[in-house]
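Asks: Just dropping this structure here.
There are 2 protein chains.
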Amino acid sequence: MGRPVKVEDSVLFKKLSDVFREVGYEGASLAILSAATGLKRASLYHRFPGGKEQAAREVLVCAETWLTDHVLLPLASDGPPEVRIRAMVQSLDAFYSGGRQACLLNILSSPGPDRGPFAALIEHAFTAWIAALAAALVDAGIDPERAGLRAERAVALVQGTLVLSRGLGTTRPFETCLASLELELLASEPGEMGKPS
Amino acid sequence: MGRPVKVEDSVLFKKLSDVFREVGYEGASLAILSAATGLKRASLYHRFPGGKEQAAREVLVCAETWLTDHVLLPLASDGPPEVRIRAMVQSLDAFYSGGRQACLLNILSSPGPDRGPFAALIEHAFTAWIAALAAALVDAGIDPERAGLRAERAVALVQGTLVLSRGLGTTRPFETCLASLELELLASEPGEMGKPS
DNA sequence: GTCTATAGTAAGATAGAC
DNA sequence: GTCTATCTTACTATAGAC
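Heads up: the sequence lines are chains A and B, in that order. Note that the first sequence covers residues 1 to 197 in the numbering used here. Note that the second sequence covers residues 198 to 394 in the numbering used here.
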């Protein structure tokens, strides 16, 4: 066995992220994280003195950076709204591997009344995502209130079709969702999104 | 301490279900399950020789029975479609405590490529739910293909707004979803659901 | 920065008394 | 049907060598 070499942060975070997305936070033991990254447990503690919780938090922060770069900034660019939204859709397709990989925002959120150690990060990510999407819709001439509802609904659809794709064992729901997302977000009719009144 | 009394199955399943929905499958240790149910670990093994996995499986079966009684059968009744759908919405509102409690179908599904021990049960539940909803929409005069897409989309929206409600720390997304679900499902216009072509 | 080695704790699971 | 007691394994975390 040769001399151990430093593991780059980018590949480290990628592998940690994959584990959390595959087996969840509680299911991700240090043994599994160690095997996946190639780092021994003690080395993981060197990188993350706070243990698994700190590792998950930093992975989440890393994911939020990705969200900012690939979703929020494109949505806030000065191009035509349909182009910005299309960029978001393509990024989401890649990020979730066409529906095969779960969302950290779902995986790392604790269901219980105590919202868990990552509640603030997760809430911030969802809020920023929805706000950026709504802003793009407003730029497209959509009423601000309706834009907010549509944006929130779109994020819920992405999350829900990920859940459904996993449960049904097929990526079709997620693919269908992404395929119709742009047209649906920019539709001019009140459609099925409008307030019932 | 008095003589131990038998714990009824109905309350046992309810308490086990609550734990799984609160802390997830991996997070639900036998110590937690024991504390929540009032049964010692050995007693849990007496009821569930297969351990935690069997307990979760039986809880899931119990949930599917609930789904059949409160969602599938009402959807398949011979009343007007809007009444049937309204019954489903009210049942969902109660089952998820207005968006405060997670869905076992999401919680117990393993994200990874190996779909986990409950994949078949979860897939069956989602499939039956979508099929029953689609059948009600067909009865309402909606084109079968569109009915299937709308039904799948509605289930995804329920799951997604549950995820979002948890992440945002408010039940509003789930409530908004339920409030507009009936009108949206039965809308006569192509709406935002139609195929892009 | 990574490793081996190890302590201490919590987990899943079983045996046998009542 | 529930309990106490125990076993074995797996996990988290730390110490110290290289």
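Glycine included, every Cβ here is placed at the ideal spot set by N, Cα and C. Predicted model, so just to flag it, every value in this text is computed and none were measured.
Cβ closer than 7 Å: which chain B residues qualify as neighbours of residue 126(A)?
Replies: 361, 364, 365
Asks: Looking at chain B, which residues of the segment 96-121 of chain A have a Cβ within less than 7 Å of any of its Cβ atoms?
Replies: 102, 105, 106, 107, 109, 111, 112, 115, 119
Asks: Using 8 Å as the threshold, is the segment 99-113 of chain A in touch with the segment 154-171 of chain A, meaning 3 or more CB pairs across them?
Replies: Yes: the two stretches touch, three or more of their Cβ pairs being nearer than 8 Å.
Asks: Does chain B have any CB closer than 9 Å to the CB of residue 196(A)?
Replies: Because the pLDDT of residue 196(A) is 39, which lies under 50, any placement of that residue in the model is unreliable, and the number read from its coordinates should be weighed accordingly. Taking Cβ atoms only, chain B reaches closer than 9 Å to residue 196(A), which makes this a yes.
Asks: Could you tell me if residue 176(A) is buried or exposed, where buried requires 16 or more neighbouring beta carbons within 10 angstroms of its beta carbon?
Replies: buried
Asks: Give the DSSP-derived three-state secondary structure of residue 278(B) in the structure shown.
Replies: helix
Asks: Taking the continuous alpha helix (DSSP H) assigned at residue 211(B), which residues delimit it?
Replies: 206-224
Asks: Can you tell me where the alpha helix (DSSP H) with residue 356(B) in it begins and where it stops?
Replies: For residue 356(B), the uninterrupted alpha helix (DSSP H) segment begins and ends at 341-365.
Asks: Whole-angstrom Cβ separation of residue 295(B) and residue 371(B), contact assumed at under 8 Å?
Replies: 7 Å
Asks: State yes or no: is the C-beta of residue 310(B) within less than 9 Å of the C-beta of residue 22(A)?
Replies: yes
Asks: Taking 9 Å as the threshold (C-beta atoms), are residue 252(B) and residue 244(B) in contact?
Replies: yes
Asks: From the beta carbon of residue 220(B), is the nearest beta carbon of chain A less than 9 Å away?
Replies: yes
Asks: Using a cut-off of 8 Å between C-beta atoms, extract the partners of residue 354(B) located in chain A.
Replies: Per Cβ cutoff of 8 Å: 153, 156, 157, 160.
Asks: Counting only C-beta atoms, is residue 177(A) closer than 9 Å to chain B at any point?
Replies: yes
Asks: Rounded to whole angstroms, what's the CA-CA distance from residue 131(A) to residue 170(A)? Just pull it up for me.
Replies: If I take the Cα positions, the gap works out to 30 Å.
Asks: Given this structure, state the Cα-to-Cα distance separating residue 94(A) from residue 385(B), to the nearest angstrom.
Replies: 34 Å
Asks: Determine whether the Cβ of residue 338(B) lies closer than 9 Å to any Cβ atom of chain A.
Replies: no
Asks: With 9 Å set as the bound, which would you pick, yes or no: does the beta-carbon of residue 236(B) sit closer than that to a beta-carbon of chain A?
Replies: Using beta-carbon distances, residue 236(B) does not count as an interface residue toward chain A, since no partner is under 9 Å.
Asks: Does residue 141(A) pass the burial test, meaning 16 or more other C-beta atoms within 10 Å, or should it be called exposed?
Replies: Classification for residue 141(A): exposed.
Asks: Are the beta-carbon atoms belonging to residue 216(B) and residue 229(B) less than 9 Å from one another?
Replies: yes
Asks: Whose C-alpha, out of 330(B), 325(B), 333(B), is nearest the C-alpha of residue 168(A)?
Replies: Closest option to residue 168(A), Cα to Cα, is 325(B).
Asks: Contact defined as beta carbons within less than 8 Å: I believe residue 334(B) pairs with residue 344(B). What is the distance between those atoms, to the nearest angstrom?
Replies: Confirmed, about 4 Å.
Asks: Short of 8 Å in beta carbon distance, which residues of its chain neighbour residue 92(A), apart from the five on each side in sequence? Order them along the chain.
Replies: 71, 158, 178
Asks: In whole angstroms, what is the alpha-carbon distance linking residue 29(A) and residue 377(B)?
Replies: Looking at the two C-alpha atoms, the distance is approximately 42 Å.
Asks: If distances are taken between C-alpha atoms only, which option among 106(A), 117(A), 41(A), 172(A) comes closest to residue 155(A)?
Replies: 106(A)
Asks: Going by beta-carbon coordinates alone, are residue 213(B) and residue 258(B) separated by less than 9 Å?
Replies: No Cβ-Cβ contact shorter than 9 Å links residue 213(B) with residue 258(B).
Asks: Would residue 186(A) pass as a contact of residue 53(A) if the rule is Cβ separation under 9 Å?
Replies: no
Asks: Just how far apart, CA to CA, sit residue 44(A) and residue 24(A)?
Replies: 18 Å
Asks: So, is the C-beta of residue 389(B) closer than 9 Å to a C-beta in chain A?
Replies: Unreliable placement is indicated for residue 389(B), whose pLDDT of 48 sits below 50; no coordinate value is reported for it.
Asks: Take residue 235(B) as the anchor and find which of 206(B), 247(B), 223(B) has the nearest alpha-carbon.
Replies: Per the Cα distances, 206(B).
Asks: Mapping DSSP to helix, strand and coil, what is residue 305(B)?
Replies: DSSP places residue 305(B) in coil when its eight states are reduced to three.
Asks: Does residue 41(A) pass the burial test, meaning 16 or more other C-beta atoms within 10 Å, or should it be called exposed?
Replies: exposed
Asks: In chain B, which residues lie with their C-beta within 9 Å of the C-beta of residue 81(A)?
Replies: Against residue 81(A), chain B offers no close residue; the least beta-carbon distance is about 16 Å (beta-carbon pairs closer than 9 Å).
Asks: Would you please verify whether the beta carbon of residue 341(B) is less than 9 Å from any beta carbon of chain A?
Replies: Not closer than 9 Å to any Cβ of chain A, the Cβ of residue 341(B) fails to qualify, so no.
Asks: Pull up the distance between the alpha-carbon of residue 77(A) and that of residue 84(A), whole angstroms please.
Replies: Taking the straight line from one Cα to the other gives about 7 Å.
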